[in-house]
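In the numbering used here, the protein residues as written are 340 to 458.
The next block holds one structure in the form of structure tokens; read it before the comments.
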Amino acid sequence: MLADPQSVPLNGTTYSLPRVGMTDSSGAFSTSDGAVKLQVGTLPGKRTRRRLGLTWTRTAPDPLVPSTNTVSSATAYVVLDVPKAGFTAAEQTALVKSLADYLEANTAAVIAKFIGGEN
């Protein structure tokens with residue numbers, strides 16, 4: 340079980356996210372206004388799928404009607420999909436850390452290219 344609260348940096352601000360929900364296979368953390376949410380869960384099956392998602396919700400002017408505000412949200416996920424056997428916890432950790440390191444390499448240049456639609 341993850342600690343309560345979770346501390347998450349986003350866009351230059353660190354948010355404290357207290358636990359707002361929990362089941363046997365998932366947990367949810369959120370700011371009091373719901374602007375930043377962290378979802379953690381495990382989906383069992385033939386393979387085990389672990390998911391971590393961070394959602395950012397904000398209000399901004401509608402680009403077509405600037406006098407009207409629109410609520411928008413975006414979510415980034417990390418998904419680890421593993422077989423029931425064959426990879427140790429240490430190997431799974433190495434895989435996720437390798438992906439995180441790759442995304443952060445060269446001042447997040449890979450992330451910028453990914454968001455720009457490059458493949």
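Ideal Cβ placement from N, Cα and C applies to all residues, glycine included.
Asked, Found
"If you follow the beta strand (DSSP E) that aspartate 440 is part of, which residue opens it and which one closes it?", "Note, aspartate 440: premise wrong, no beta strand (DSSP E); alpha helix (DSSP H) at 428-454."
"What do you reckon, are the CB atoms on leucine 377 and valine 418 nearer than 8 Å?", "no"
"Rounding to the nearest angstrom, what Cα-Cα distance links aspartate 440 and aspartate 420 in this structure?", "19 Å"
"Once you ignore the five residues that flank threonine 414 on each side, which residues in its own chain have a CB closer than 6 Å to its CB?", "Gly392, Thr394"
"Taking the C-alpha atoms as reference points, what is the distance between valine 449 and asparagine 408?", "32 Å"
"Measuring CA to CA, which of Glu430, Met361, Ser364, Phe368 is closest to tyrosine 354?", "Phe368"
"Thinking C-alpha only, which one of Ala399, Pro344, Ala424, Ser437 is nearest arginine 388?", "Ala424"
"Using the beta-carbon count (16 or more within 10 Å), is leucine 356 buried or exposed?", "buried"
"Give me the residue from Ser437, Gly366, Thr370 with the minimum Cα distance to threonine 352.", "Thr370"
"According to DSSP, what are the bridge partners of leucine 356?", "Gln345"
"Work out the CA separation of isoleucine 454 and proline 422 for me, nearest whole Å.", "29 Å"
"Name the DSSP beta bridge partners of glycine 380, please?", "Ser365, Arg390"
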